[in-house]
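> Mind looking over this structure? Questions follow.
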Amino acid sequence: MTVPLAARLRSATHELHRAVERAGLMPALLRGQLPLAGYVALLRNLQPIYAALEAGLLRHAAHPQLAPLPLAGLARAPALAADLVALHGPGWARELPLCAAAQAYVARLQQLADGQPALLAAHAYVRYLGDLNGGQLLARRVGLALHLAPGQGLAFYDFGSDEQAAAQARALRAGLDAIAPDEPAAQALVDEACSAFERHRELFEQLAPPVALH
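Anchor point for the sequence shown: position 174 equals 181 in the working numbering, and the numbering is continuous, going up by one each time.
Structure (C-alpha cells):
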C-alpha cells in the first residue's frame with residue numbers, strides 16, 4: 008500500500024463525515040443547542056454501540072490485526088453509563104428507548120466479533136478518533152448549553168488534557184497503519200468505515216426531534 012491506512016481511511020470517509028455532521032440532531036449538538044432530552048437520547052443510543060464494540064475488541068485483543076491498536080484508556084461504555092446516571096438517573100437503560108439504527112449497529116458489531124473481528128478496527132477508527140479529535144471542544148459546548156457543573160455528565164469526553172488526547176490520537180493512527188497486511192485487508196477496512204459513517208447518519212436522523220407543525 009502506498010498510502011498509510013489511517014490517511015486512506017480519512018480520505019475515503021471525508022465526505023461521509025461531513026454528511027454525518029449535517030444529519031439529524033448533529034447540527035444542534037455541534038452548535039451547543041441540543042436540549043438535555045436530546046443529548047441524553049444520544050448518549051443512551053451510543054452506549055450499547057460502544058459496549059458491543061469494546062466487548063469485541065477485548066475478546067479479540069490478541070488478533071494480529073487488532074493487537075497493534077493502542078486501546079488502553081479509550082473505552083467509553085462505562086463513561087457513557089456514568090453520564091447517563093448523572094443526567095437521567097440509574098434507570099436510564101430501562102426508561103429510555105433504543106432506536107432501530109442503534110439496534111442494527113449493535114447487531115453488526117456482534118456479527119463482526121463472531122466472524123470478522125479484524126473489521127472492528129474500522130469502527131474503532133470512526134468512534135475513537137472522532138472522540139479524541141473533537142471531544143474536548145464538544146464537552147465545553149455541551150457543558151455550557153446544559154449548564155452543567157465542571158465534569159458533571161461529561162465523562163464521555165474525558166481523555167485527560169488536550170495534549171493527552173492528541174497523543175492518543177497520534178498513537179491510534181500509528182496503530183491503524185500497522186494492521187492491514189495487504190490491499191484486500193485495507194480495502195475491507197475502508198469499506199467498513201464508510202458503512203459505519205452511514206450507520207451513524209441513520210442513527211442521528213432517527214434521533215432528530217420531530218419538526219413542530221404550525
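Every residue gets a Cβ at the ideal spot worked out from N, C-alpha and C, and that includes glycine.
1) Should Gln54 go down as buried or exposed, given a rule of 16 or more other Cβ atoms within 10 Å for buried?
2) Helix or strand or just coil, what does DSSP make of Gln54?
3) In terms of residue numbering, what span does the alpha helix (DSSP H) encompassing Ala167 cover?
4) Shorter than 7 angstroms, the distance from the beta carbon of Tyr132 to the closest heavy atom of the ligand FAD, or not?
5) Quick check on the burial criterion: 16 or more other C-beta atoms within 10 angstroms. Buried or exposed for Leu151?
6) Sorted by chain position, which residues of the same chain lie with C-beta nearer than 6 angstroms to Leu12's C-beta, five sequence neighbours on each side aside?
7) Can you list, in chain order, the residues of its chain whose CB lies under 6 angstroms from that of Gln117, leaving out five sequence neighbours each side?
8) Cutting at 8 angstroms between CB atoms, please list the residues of its own chain near Arg208, excluding the five before and the five after it.
9) If you draw a straight line from the C-alpha of Leu220 to the C-alpha of Leu105, how long is it?
10) Excluding the 5 residues preceding and the 5 following Ala176 in the sequence, name in chain order all residues of the same chain whose CB lies nearer than 7 angstroms to its CB.
11) Fully enclosed by the stretch 21–47, which beta strand (DSSP E) runs are 3 residues long or longer?
12) Count the other CB atoms, across all protein chains shown, that sit within 10 Å of the CB of Asp121; report buried if there are 16 or more and exposed otherwise.
13) Please return the same chain residues whose Cβ sits closer than 7 angstroms to the Cβ of Arg180, not counting the five positions on each side in sequence.
14) Less than 8 angstroms between the C-beta atoms of His130 and Ala195, yes or no?
15) Entirely within the stretch 130–218 and at least 4 residues each: give me those alpha helix (DSSP H) ranges in chain order.
Reading from the atomic positions:
1) buried
2) helix
3) The amino acid occupying residue 167 in the given sequence is Gly; Ala does not appear at that position. Gly167 -> no alpha helix (DSSP H), and no H or E assigned at all.
4) Of the ligands one can find in the structure shown there are none, so the ligand FAD has no counterpart to examine.
5) exposed
6) Leu183, Asp184, Ala187, Ala193
7) Ala59
8) Leu23, Ala26, Val27, Ala30, Gly31
9) Low per-residue confidence applies at Leu220: pLDDT is 44, beneath 50, and the placement is therefore not dependable, though the value from the model is reported in the following sentence. Rounded to whole angstroms, Leu220 to Leu105 spans 25 angstroms at the Cα level.
10) Leu136, Leu139, Asn140
11) none
12) exposed
13) Ala13
14) Taking 8 angstroms as the Cβ cut-off, His130 and Ala195 do not qualify as a contacting pair.
15) The alpha helix (DSSP H) runs of length 4 or more contained entirely in the stretch 130–218 are, from start to end of the chain, 137–152, 169–183, 190–213.
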